[in-house]
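Residues in the first sequence are numbered consecutively from 40, following my numbering.
We put the beta carbon where it would ideally sit given N, CA and C, even for glycine.
See below for the structure under consideration.
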Amino acid sequence: MSTPEVTRSVLGMVLVSDIGGERTAGRIVEAEAYLKDDPASHSSRGITKRNAPMFGPPGLAYVYFTYGNHWCLNFVTAPKGHGEAVLIRALEPLEGLDAMARRRGRAAPRDLLSGPGKICQAMGIDGSLNGHPLALPPLTLLRDRWEPGEIAARPRIGISQSVDKPWRLYPVRSREWVSRR
DNA sequence: TGAGTGATTGACT
DNA sequence: GTCAATCACTCAT
Numbered sequence: 040m041s042t043p044e045v046t047r048s049v050l051g052m053v054l055v056s057d058i059g060g061e062r063t064a065g066r067i068v069e070a071e072a073y074l075k076d077d078p079a080s081h082s083s084r085g086i087t088k089r090n091a092p093m094f095g096p097p098g099l100a101y102v103y104f105t106y107g108n109h110w111c112l113n114f115v116t117a118p119k120g121h122g123e124a125v126l127i128r129a130l131e132p133l134e135g136l137d138a139m140a141r142r143r144g145r146a147a148p149r150d151l152l153s154g155p156g157k158i159c160q161a162m163g164i165d166g167s168l169n170g171h172p173l174a175l176p177p178l179t180l181l182r183d184r185w186e187p188g189e190i191a192a193r194p195r196i197g198i199s200q201s202v203d204k205p206w207r208l209y210p211v212r213s214r215e216w217v218s219r220r
């Protein structure tokens, strides 16, 4: 499965975090693909200490620190050595709303998980989970019967290279939970 | 060794 | 709409 296909397939999956004794969960409703030979991808200029998990194997979390303030969560998608991943941009909150609101310092459900930095803050995700296998606690991925329906493909957000590629995907029915509405 | 940029967010005008 | 927060990395001295 190609990375854009994986991006589509993670929409609707449930991300569960059990960090600091607090269980939080949300449904993935927005994701972006980052490929090898993609100038917008951290992997395009080779392996570094920060991006090493991005080069596989698939199923790992790639968690990086950006703008001096924020953590961002990715899922590694491609075989070892390729350097491809899916950036998780927004979730619909399902469980642990109170814990997420406390970590975020604001209560509005639509402001808990509607952005990559917000997800990590609300769910307690930081660099200690870089390279973590998503099959294991405290950060796991579940599939349930939810159907995404029609999926919108748009240019990715916050980049200056390859801005024409429509690799930001979200279910049309989940638009209220998506970042930068 | 140092300036510039960045897969962001929130406060402010 | 503007801008600061302030870290990892790239690229140019």
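Asked                                                                                                                                               : Found
Can you list, in chain order, the residues of its chain whose CB lies under 6 Å from that of Gly22, leaving out five sequence neighbours each side? : The structure shown does not extend to residue 22, since the chain is modelled only from 40 through 220, so no value can be given for it.
What does the alpha-carbon distance come out to for the pair Pro148 and Pro132?                                                                     : 7 Å
Ends of the beta strand (DSSP E) at Ile127?                                                                                                         : Ala124 to Glu134
For Glu69, which of helix, strand or coil comes out of DSSP?                                                                                        : strand
Does DSSP put Ser56 in a helix, a strand or coil?                                                                                                   : strand
Going by DSSP, what residue range makes up the beta strand (DSSP E) through Thr116?                                                                 : Where Thr116 is concerned, there is no enclosing beta strand (DSSP E), given that its DSSP letter is neither H nor E.
Distance check for Tyr73 and Gly95, CA to CA, integer angstroms please.                                                                             : 13 Å
Buried or exposed for Arg195, going by 16 or more other Cβ atoms inside 10 Å?                                                                       : buried
Could you have a look at Ala91 and say whether DSSP puts it in helix, strand or coil?                                                               : helix
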